[in-house]
Amino acid sequence: MELFFKYLQYEKRFSPHTITSYQTDLCQFQEYLKEVYDLEDISQADHAIIRSWVVTLVQKDLDSRTIHRKIASLRSFFRFLVQQGKLERNPTLRIKAPKLAKKLPAFIEEDAFTQLLDQSEFSADYKGFRERLILELLYGTGMRLAELTNLKLADIHLASSTLKVLGKGNKERILPLNTSLATSLSQYLVKRQEAFPNNNSPFLFVTDKEAPLYPKYVYRVVKKYMSSVSTAVKNSPHVLRHSFATHLLNRGADLGAIKDLLGHASLAATQVYTHNSIEKLKAVFEKAHPKA
Numbered sequence: 001m002e003l004f005f006k007y008l009q010y011e012k013r014f015s016p017h018t019i020t021s022y023q024t025d026l027c028q029f030q031e032y033l034k035e036v037y038d039l040e041d042i043s044q045a046d047h048a049i050i051r052s053w054v055v056t057l058v059q060k061d062l063d064s065r066t067i068h069r070k071i072a073s074l075r076s077f078f079r080f081l082v083q084q085g086k087l088e089r090n091p092t093l094r095i096k097a098p099k100l101a102k103k104l105p106a107f108i109e110e111d112a113f114t115q116l117l118d119q120s121e122f123s124a125d126y127k128g129f130r131e132r133l134i135l136e137l138l139y140g141t142g143m144r145l146a147e148l149t150n151l152k153l154a155d156i157h158l159a160s161s162t163l164k165v166l167g168k169g170n171k172e173r174i175l176p177l178n179t180s181l182a183t184s185l186s187q188y189l190v191k192r193q194e195a196f197p198n199n200n201s202p203f204l205f206v207t208d209k210e211a212p213l214y215p216k217y218v219y220r221v222v223k224k225y226m227s228s229v230s231t232a233v234k235n236s237p238h239v240l241r242h243s244f245a246t247h248l249l250n251r252g253a254d255l256g257a258i259k260d261l262l263g264h265a266s267l268a269a270t271q272v273y274t275h276n277s278i279e280k281l282k283a284v285f286e287k288a289h290p291k292a
């Protein structure tokens with residue numbers, strides 16, 4: 001498995017987050033093999049054993065998307081074993097995953113984010129500027145959580161009002177900064193320098209102990225402020241990314257442009273946002289049309 005994880009990291013260039021998910025899934029399957037079938041080697045698992053594991057996942061009422069990911073992890077690993085000549089055939093090829101429930105991306109209303117910034121009380125110290133900028137960057141650029149925490153000072157180009165992010169598969173993309181966001185960034189950089197004049201960290205965001213920012217901190221910041229303006233069950237950084245894309249589409253932005261801004265590999269991933277726009281159009285129609 002270690003060889004497989006190195007393959008994902010260096011050849012497939014998967015993100016650390018994705019590799020961690022693969023590790024979790026394979027270790028869980030390995031534990032199932034030991035406990036139920038007294039097998040140590042994953043490569044000994046056949047189609048029937050893998051199917052029985054999928055059944056147990058369904059019985060545990062796991063989300064269908066989670067089960068799909070776990071099956072995909074196994075498929076990739078067994079495909080790797082076939083490529084390495086360790087197995088003759090991939091036993092996961094006949095495994096059928098449960099149907100995916102169609103979920104529309106959660107997002108906040110357009111006025112909610114403005115309300116969040118206007119009504120929230122951010123402290124005048126470095127922490128307050130950091131928290132505000134985290135929210136503004138997530139909503140103002142649509143970047144992913146990992147892209148935010150990995151931002152470097154060298155990635156910020158205030159002269160051209162752009163910043164560079166490193167996305168999935170180590171793909172770089174340039175994102176534009178609106179005037180408000182560029183101003184917030186400038187103010188934050190001044191505050192950062194005042195708070196840590198001798199800090200040599202290359203990262204844009206640092207903790208109070210001058211260490212690189214970690215994902216849980218960003219989750220806490222988003223939940224803290226969004227809970228006051230959003231009734232969404234999951235107030236996460238990704239909701240702000242969804243809001244960014246949905247609001248752009250609602251205001252007539254080209255789907256291809258949104259795809260590039262989000263860093264999606266294909267339009268298929270971006271098209272999910274059109275469903276939110278259609279639902280909004282239906283609501284407007286039903287409210288305004290005399291015959292609706």
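Per UniProt numbering, the sequence shown starts with residue 1, numbered consecutively.
The beta carbon of each residue, even a glycine, is placed where N, CA and C say it ideally should be.
It should be emphasised that the depicted structure is a prediction, and the values quoted were computed from it without experimental measurement.
Considering residue i, what are the terminal residues of the beta strand (DSSP E) in which it resides?
i    : result
L166 : T162 to L166
E172 : E172 to P176
Pick from the options: whose alpha carbon is nearest that of residue i?
i           : options                  : result
R251        : E40, Y10 and E109        : E109
L33         : L163, F14, A48 and A146  : A48
E210        : E194, Y219 and F5        : E194
L138        : L8, L163, K6 and Q119    : L163
residue 375 : N90, F205, F113 and S120 : No answer is possible for residue 375: the residues shown for the chain start at 1 and end at 292.
A124        : Y188, F5, K234 and N178  : Y188
T183        : F196, K259 and R132      : R132
K86         : L39, I71 and F4          : F4
F80         : F107, M1, I67 and Q115   : M1
Q115        : K6, R94 and S228         : S228
residue 368 : R89, R192, K103 and I278 : Outside the shown range of the chain, which is 1 to 292, sits residue 368, and nothing can be said about it.
V190        : E40, R130 and R241       : R130
H275        : H17, I71, K103 and K60   : K103
E88         : Q59, L62, A45 and V55    : A45
T24         : I71, Q59, E35 and L153   : I71
Can you round the beta-carbon distance between residue i and residue j to whole angstroms, since I take them to be within the 8 angstroms contact cut?
i    : j    : result
Y26  : I42  : The displayed chain sequence assigns Leu, not Tyr, to residue 26. That pair is a contact at about 7 angstroms.
V221 : L135 : 7 angstroms
L255 : T270 : 6 angstroms
F203 : P197 : The Cβ separation is near 16 angstroms, so there is no contact.
G140 : L181 : 4 angstroms
A122 : V239 : Note that residue 122 is Phe in the sequence shown, not Ala. Actually they are not in contact, since the Cβ atoms of F122 and V239 sit about 20 angstroms apart, beyond 8 angstroms.
F113 : S201 : About 29 angstroms; that fails the 8 angstroms criterion.
Going along the chain, which residues of its own chain have a beta-carbon closer than 6 angstroms to the beta-carbon of residue i, five neighbours each way excluded?
i    : result
S266 : none
Q30  : I42
N90  : F78, R79 and V82
R75  : T92
For the alpha helix (DSSP H) that residue i lies in, which residues bound it at each end?
i           : result
R241        : P237 to N250
V55         : H47 to Q59
L185        : T179 to A195
G140        : Y126 to T141
M1          : First-last for M1: undefined, no H or E at that position.
Y32         : P16 to Y32
residue 293 : Residue 293 lies beyond the residue range present for the chain, which begins at 1 and ends at 292; the question has no answer from this structure.
H68         : S64 to Q83
V218        : P215 to M226
I95         : Neither: I95 is in no alpha helix (DSSP H) and is coded neither H nor E.
A268        : L267 to T270
G256        : L255 to L262
A146        : L145 to T149
Thinking C-beta only, is residue j closer than 8 angstroms to residue i?
i    : j    : result
L151 : S186 : no
R144 : G128 : no
S64  : K99  : yes
S15  : A146 : yes
L177 : S161 : yes
L261 : L175 : yes
L92  : F78  : First, the residue type needs correcting, since residue 92 is Thr and not Leu in the sequence shown. Their beta carbons are under 8 angstroms apart, which means T92 touches F78 by this criterion.
V284 : P105 : no
S120 : Y225 : yes
N199 : R13  : no
I258 : A245 : yes
In chain order, what residues of the same chain have a beta carbon less than 7 angstroms from the beta carbon of residue i, not counting five sequence neighbours either side?
i    : result
H264 : T270
Q9   : I19
Y37  : I49
R94  : H47
Y219 : S236 and P237
W53  : F29 and Y32
Spatial neighbours of residue i within its chain, please: C-beta separation below 8 angstroms, excluding the five flanking residues on both sides.
i           : result
S21         : R69 and S73
residue 299 : Here the chain has residues from 1 to 292 only, and residue 299 is not among them.
K223        : N235 and S236
H17         : A146
So that I know if they touch, is there some Cβ in chain D lying closer than 8 angstroms to that of residue i?
i    : result
L117 : Looking for chain D here will not work: only one protein chain is present.
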